[in-house]
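*Asks:*
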């Protein structure tokens, strides 16, 4: 967020959700000279002065996460393997609801999903250092569609790889997100972490 956005929110007659990390806050004062804002935590009443860039309006956050997911198509899928996490590099495709579709021809991940359909997909930029990375963890429930199911045919329109769709061994994993944790420390190197529940980013 920038100073102009903060001023508009303070002057608005509408209720606009604003977040500092995972916490909902209220903007009490804007310090334009040093680009900081005084915010009050709604759940505890504590007041804190922070850089205006650390404040995120709900709609902006959702759009930023959606754009990041849809502008990439490579990630790492974590499934549960005998009480241990198993990570698999995958190519994915996302629709406007951020439902994730992963075509694959095999691997232990399918066996794992048969026992436990809780998954996490990590999508991130190239790792430069601890203070220079952007990424999102998508937590959700997975469904597996095999080649001969109607569901497979229905979701094929989301897959842009015709070769893998034509492979008789291909299955499609659909992830319906429940929660996303988004980290962005690119630009000024300031680490900003946000958690978004499904109800906030679902698009009808």
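Residue numbers (the working numbering): 1 to 204. Ideal Cβ placement from N, Cα and C applies to all residues, glycine included. This one's a predicted model, so the numbers in the text were calculated from it and none came from an experiment.
Where residue 138 and residue 92 are concerned, what is the direct C-alpha to C-alpha distance, given to the nearest angstrom?
*Replies:* Position 138 of the chain shown, counting from 1, holds the residue named residue 138. Position 92 of the chain shown, counting from 1, holds the residue named residue 92. Between residue 138 and residue 92, the C-alpha separation is close to 12 Å.
*Asks:* Opposite residue 79 in the DSSP bridges: which residues?
*Replies:* As a first step, residue 79 must be located in the chain shown, where it is residue number 79. For residue 79, which the question treats as bridged, DSSP gives the partners 86.
*Asks:* Where do the ends of the alpha helix (DSSP H) carrying residue 183 lie?
*Replies:* Reading the chain shown from its first residue, position 183 is the one you call residue 183. For residue 183, there is no enclosing alpha helix (DSSP H); the residue is part of the beta strand (DSSP E) that begins and ends at 171-184.
*Asks:* Quick check on the DSSP output: what are the complete alpha helix (DSSP H) runs of length 4 or more inside the stretch 105-174, in order along the chain?
*Replies:* 108-115, 150-155 and 162-166
*Asks:* Check this for me: beta carbons of residue 18 and residue 36, under 8 Å apart or not?
*Replies:* Stepping through the chain shown from its first residue, residue 18 is reached at position 18. Stepping through the chain shown from its first residue, residue 36 is reached at position 36. Against a cut-off of 8 Å, the Cβ pair of residue 36 and residue 18 comes out as no contact.
*Asks:* Mind the definition here: the stretch 87-101 touches the stretch 152-162 only if three or more C-beta pairs lie below 8 Å; say whether that holds.
*Replies:* yes
*Asks:* Residues bridged to residue 71 by DSSP?
*Replies:* Taking the first residue of the chain shown as 1, we reach residue 71 at position 71. DSSP, once it has assigned bridges, lists no residue as partnering residue 71.
*Asks:* To the nearest angstrom, report how far apart residue 129 and residue 135 are at their CA atoms.
*Replies:* For the purposes of this step, residue 129 is taken as the residue at position 129 of the chain shown. For the purposes of this step, residue 135 is taken as the residue at position 135 of the chain shown. Rounded to the nearest angstrom, the two C-alpha atoms are 13 Å apart.
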